[in-house]
Amino acid sequence: MERFNVVVCGFDRYDGVEVNPALEVPRALAERGLGAPVDADDPLADAEVSISAVPIPVSFTKSWPALLAAIEASRPQIVVAMGLKRAARGIALERCATNRVGDDRPDADNMIPRHEVINPDGPAAYWTRLPLRAILADFTEGGIPATLSSDAGTFVCNSLFYQLLDWSVRQERVIAGFVSLPPVNESGDRSMPGLSLEEQIRAGRAVVREAVRYWREPSSADILIA
Numbered sequence: 001m002e003r004f005n006v007v008v009c010g011f012d013r014y015d016g017v018e019v020n021p022a023l024e025v026p027r028a029l030a031e032r033g034l035g036a037p038v039d040a041d042d043p044l045a046d047a048e049v050s051i052s053a054v055p056i057p058v059s060f061t062k063s064w065p066a067l068l069a070a071i072e073a074s075r076p077q078i079v080v081a082m083g084l085k086r087a088a089r090g091i092a093l094e095r096c097a098t099n100r101v102g103d104d105r106p107d108a109d110n111m112i113p114r115h116e117v118i119n120p121d122g123p124a125a126y127w128t129r130l131p132l133r134a135i136l137a138d139f140t141e142g143g144i145p146a147t148l149s150s151d152a153g154t155f156v157c158n159s160l161f162y163q164l165l166d167w168s169v170r171q172e173r174v175i176a177g178f179v180s181l182p183p184v185n186e187s188g189d190r191s192m193p194g195l196s197l198e199e200q201i202r203a204g205r206a207v208v209r210e211a212v213r214y215w216r217e218p219s220s221a222d223i224l225i226a
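Residues 1 to 226, numbered by UniProt numbering, are exactly what the sequence shown covers, in order.
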């Protein structure tokens, strides 16, 4: 049986957010796993997937070192970072990490960075390495609202995303990407921002499943970045 190590990280605290999906979804994935194979023809039926949840601070200086330490400890084939988009009505799959940072909001360390590049020697941007087309197809089949997002902004989410991809391109074979989650909304009212926590956990499972399947059987048909 082929074994896969997966790291799923999420920011540990957002001001004013009572139930933080970026913390709860990785935790649930680590505790519950991907669930039983659908049937004998399930492409992951003969795979053992171990998921590690990593809480990281909303900090420009501390988030990437915290994630990197977890990566070096488990040596994963797949790394998925998660953040929160407060006004989103569904899952946002981030396509691009840009080499820039700068925001009027302070991070958890009360730091407001200047508008500057993240890595002076790095490219202007990196494309995600997640199989977005396959993930969106899975979301559609499962009735999970989702959208493609052009980038993760200029706050800590983008800074972490860029550094993750900057690291991943130097590895022999690692799939990495960023997924933005909506607020937790248990009302079922689709006119309001958010999805239930269980829907978001199902979405997280789909992301990991499709990433593992893509790692095993790469196909250009699974890729969608524009």
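C-beta: ideal position from N, C-alpha, C; glycine also. Just so it is clear, the structure is predicted and the values come from calculations on it, not from any experiment.
Is A22 near K62, with beta carbons less than 9 Å apart? no
Enumerated in chain order, which unbroken segments of the alpha helix (DSSP H) with a length of 4 residues or greater are wholly contained in the region 10 to 74? 21 to 32 and 63 to 74
Tell me which same chain residues have a C-beta within less than 6 Å of the C-beta of A87, skipping the five on either side of it? P193
Using 8 Å for Cβ pairs, my map puts V179 next to L44. What's the rounded Cβ distance? Rounded, the Cβ-Cβ distance is 19 Å, inconsistent with contact.
Under the three-state reduction of DSSP, which class applies to I112: helix, strand or coil? coil
Who pairs with E94 in a beta bridge, going by DSSP? S149
If you drop the 5 nearest sequence neighbours on each side, which residues of the same chain put their C-beta closer than 7 Å to that of F161? A81, E94, A97, A152 and F178
Whose CA, out of E2, P218, A73 and V101, lies closest to the CA of T154? V101
Quick one: Cα of Y126 to Cα of I175, how far? 13 Å
Take D138 as the anchor and find which of F60, R75, R89 and R205 has the nearest alpha-carbon. R205
V7 versus V207 - alpha carbon distance: 12 Å
For a minimum of 3 consecutive residues, which ranges assigned as the beta strand (DSSP E) are wholly contained in the region 155 to 213? 175 to 181
Measuring CB to CB, does V79 end up less than 9 Å from S168? yes
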